[in-house]
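With my numbering applied, the sequence shown corresponds to residues 152 to 266, in that order.
Glycine included, every Cβ here is placed at the ideal spot set by N, Cα and C.
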Amino acid sequence: MGVVQIEILGRVYALTSDRPPEHLQAVSAFVDRRLREIAGGRPDTVRRDHAILAALNIASELFLLRDSGEKLAESLDARLCEVMELIEQTIDRDEEEGAGGSSGSSSPPNGARPS
Numbered sequence: 152m153g154v155v156q157i158e159i160l161g162r163v164y165a166l167t168s169d170r171p172p173e174h175l176q177a178v179s180a181f182v183d184r185r186l187r188e189i190a191g192g193r194p195d196t197v198r199r200d201h202a203i204l205a206a207l208n209i210a211s212e213l214f215l216l217r218d219s220g221e222k223l224a225e226s227l228d229a230r231l232c233e234v235m236e237l238i239e240q241t242i243d244r245d246e247e248e249g250a251g252g253s254s255g256s257s258s259p260p261n262g263a264r265p266s
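Structure, rendered in structure tokens:
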């Protein structure tokens, strides 16, 4: 675990984290921007209410992204089931055609060769 110094609204914080320093810097810059947006670009006017609004906005975005990720996963699962069913149908059809089909063009079993 490393200690990373970040800055939000001109105040420096020392954070201990397993995350890479670049990640923490990016997150802190994002939070700093959000707080400045809510405070109208004046960091000296940020109050607890602004921090709560920023946290709610960020949490809302997180929930929206998580929900869209879940919907995407459900869609991919459904598509995967369709593809698997098509593969099974193709295999079944090929086996049926091979069982009653022509024997002249098929390979001998176990790699045996005709003499």
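| query | result |
| --- | --- |
| Integer Cβ distance of L160 from D183, believed to fall under 8 Å | 6 Å |
| Secondary structure of R184, DSSP reduced to three states | helix |
| Helix, strand or coil at R193 according to DSSP, with G and I counted as helix | coil |
| I242, buried or exposed, once every other Cβ within 10 Å from all chains shown has been counted against 16 | exposed |
| Where L166 falls: helix, strand or coil (DSSP) | strand |
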